[in-house]
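Peer 1: Take 1 as the starting number for the sequence shown in this note's numbering and just add one per residue.
I am attaching a structure below and will ask some questions about it afterwards.
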Amino acid sequence: MLQTRFAIAAAALLTLALPASAQFGPPPAKPAVPKATAPSPRAASCHSGASFDRFLADVKQKAVAAGVSQRTMSEASPYLVYDQGIVNRDRGQRVFGQLFTEFAGRMAAPYRMQNGQQHIKSHAAAFARAEKEFGVPPAVIAAFWGLESDFGVNMGNLPTLKSLVSLAYDCRRSEMFVNETIAALKIIDRGDLTPDEMVGSWAGELGQTQFLPVHYVNYAVDYDGDGRRDLLRSEDDVIGSTANYIANGLKWRRGEPWLEEIKVPQTLPWDQTDLTVQLPRSKWAQLGVTYPDGRPLPNDNLASSVLLPMGRSGPAFMAYANFAAYTAWNNSLIYSTTAGYLATRIAGAAPMRKPSTPVAQLPFNELKQLQQLLVQAGFNVGKVDGVLGQQSRAAVKAMQIKYGLPADSWPTTELLARMRGGGTAQAQPASAVR
C-alpha cells in the first residue's frame with residue numbers, strides 16, 4: 001500500500017498466475033522459530049556501522065517507548081532475526097516490466113473475476129455493511145482481495161517479524177521498516193495475532209489483502225465481533241478492514257466511478273493523455289473520445305483523465321478521481337490499472353478490447369539505456385532499472401514533445417534513436433504535438 005508497494009507486491013503477484021483451484025491445499029504449518037543469517041558487511045552503513053544486535057536493541061527500546069509491553073517483547077524476540085535473503089529479494093524485482101496486456105491477462109483473468117463475483121455473493125452481508133459504512137463498492141474490495149492473495153489462498157509463508165526487521169536493518173527504507181516492525185509488535189500486544197501466527201509475504205505484509213503492519217494497526221476492524229482483528233482467517237474482518245483502509249486511508253469518494261474503458265481517436269492531443277491532466281467528460285467527448293462501442297460519453301463536468309498504459313496504440317481508459325486510490329495502494333501503473341480494470345470486470349464490465357496491432361515494447365536493456373539517457377538529459381526517473389515507472393513515463397513524454405513525436409508517454413525505438421544520436425530538436429508547443 002502507498003507508494004512503497006511498487007516493490008512490495010511484486011513477489012506475491014508472481015505466485016498468483018495459476019487459477020485458485022490449482023493452488024488450494026492444506027494450510028501451511030506454522031514455521032519454526034526462524035534462524036538468523038549473517039548480515040552483509042555493508043548492510044549497516046546507514047546505522048553508523050552498528051551491528052545488527054546493536055541496531056535491534058535500539059528498535060526494541062523504541063517499541064517499548066511506543067507502548068509495547070515487555071511481555072510482547074519477550075514473546076517476539078526469538079522471531080526478530082536477520083535474513084540477508086529477504087534483503088536480496090527486495091532488491092531483485094522486475095515483475096512490473098511486463099506489458100500491461102500480458103500482466104492484466106494473467107492477473108485479471110476470467111477465473112479471478114468469477115471468484116470475485118462468487119465471494120461477493122457468499123459474503124453478501126459483510127460486503128453490504130462495508131459499502132453502507134464506508135462507501136466502497138464490493139467489486140473494488142473483491143478485486144484487491146483477489147489480486148493480493150487469491151482470496152486467502154496465497155498469503156505467504158515467511159515469518160513476518162524476521163522480514164520486517166531485516167528490511168529495517170537494510171539502508172534502502174530503514175525508517176519505514178523500523179516503524180512497520182514496531183506496528184507489528186503492537187498487533188501482537190493488543191491480542192490480534194501471536195508471533196508465530198504472523199506469517200506472510202517476504203516484504204512483511206499480512207493477511208488476505210496484504211496489509212503492512214502500520215495499516216493493520218490503523219485500519220483493521222473487528223467485523224465478525226470476536227474481539228480480534230484477524231485478517232488471516234476472518235473473511236468478514238478482511239472485507240471491513242479493506243473497505244476502511246480504502247475509504248479513510250486512500251480517501252475513496254463515495255458514489256463515484258474509478259475506471260472505464262474508452263476509445264480514443266488518432267487525432268487526440270496525446271500530450272493531454274496523462275493522469276496529471278484532468279478535463280470534464282464533456283471536453284473529452286468534444287475531442288472525439290467515446291465508449292468502446294461508440295456510445296458518447298456523458299455530457300457532464302465530471303473530472304477525468306485519459307490513461308494509456310501502453311501508449312496510443314494500446315488499451316485506453318478514463319480514470320476518475322477514485323483511481324488515485326489505486327495508485328496510492330500501489331504506485332506501479334501496471335498494477336494499479338490492472339486492479340481498477342479487474343474491479344470493473346467483477347462489477348460487470350465487458351473485457352477490454354485487444355489492440356488492433358501488436359504494441360512494440362523496448363527490450364529491458366534498451367529501456368534501461370533510455371532511462372540512463374533521460375537522467376543525462378536532466379530528468380529524475382527514480383531507479384534506473386529497466387521498468388517503466390511513472391517518473392520514467394513523464395520524462396519520456398517531455399522528450400517526445402521536444403522531438404515532435406506523439407507525446408503518449410510510451411517509449412519507442414524512434415525516441416531511443418533520437419536520444420542516442422544526441423541530436424537537437426526544436427521544442428514544439430504541447431498543443432502542436434499529436
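Where is the CB? At the ideal position from N, CA and C, for every residue including glycine.
Measuring CB to CB, does G200 end up less than 8 Å from M155?
Peer 2: yes
Peer 1: Measure the Cβ-Cβ separation of L212 and W329 and say whether it is below 8 Å.
Peer 2: No, the Cβ-Cβ distance between L212 and W329 is not below 8 Å.
Peer 1: Which of the three DSSP states is assigned to K440 in this structure?
Peer 2: This structure gives no information on residue 440, because the portion of the chain shown stretches from 1 to 434.
Peer 1: With distances taken Cα to Cα, identify the nearest neighbour of H119 among G225, A139, F323.
Peer 2: A139
Peer 1: Taking 8 Å as the limit between beta carbons, can you name the residues of its chain near Q372, skipping five residues before and five after?
Peer 2: V384
Peer 1: What first and last residue would you give for the beta strand (DSSP E) that runs through A316?
Peer 2: 316-319
Peer 1: Using the C-alpha atoms, what's the distance from L297 back to T344?
Peer 2: 17 Å
Peer 1: Determine the contact status of L506 and A319, defining contact as a CB-CB distance below 8 Å.
Peer 2: Residue 506 lies beyond the range of the chain shown here (1 to 434); nothing can be said about it.
Peer 1: Determine which residues share a DSSP beta bridge with L158 and list them.
Peer 2: G200
Peer 1: Hey, out of V306, R190, F151, whose CA is closest to Q210's CA?
Peer 2: F151
Peer 1: Is the CB-CB distance between I246 and Y223 below 8 Å?
Peer 2: Result no, Cβ atoms of I246 and Y223 do not sit closer than 8 Å.
Peer 1: Strictly by DSSP, which residues pair up with P280?
Peer 2: A303
Peer 1: What do you get for V87, buried or exposed, if any count of 16 or more other CB atoms within 10 angstroms of its CB means buried?
Peer 2: buried
Peer 1: Do D300 and R312 have their C-beta atoms within less than 8 Å of each other?
Peer 2: no
Peer 1: For L370 and P411, which I take to be in contact (beta-carbon distance under 8 Å), what is that distance rounded to the nearest angstrom?
Peer 2: 6 Å
Peer 1: Based on the DSSP secondary-structure assignment, which residues constitute the bridge partners of L522?
Peer 2: Nothing in the structure corresponds to residue 522, since the chain is present only between 1 and 434.
Peer 1: Sort out for me which residues DSSP pairs L164 with in a bridge.
Peer 2: Looking at the DSSP assignment, L164 forms no beta bridge with any residue, so it has no partner.
Peer 1: Considering only their Cβ atoms, is the gap separating L307 from F317 smaller than 8 Å?
Peer 2: yes
Peer 1: With DSSP run on the structure shown, which of helix, strand or coil describes P296?
Peer 2: strand
Peer 1: Is F144 helix, strand or coil when you go by DSSP?
Peer 2: helix
Peer 1: Buried or exposed for R172, going by 16 or more other Cβ atoms inside 10 Å?
Peer 2: exposed
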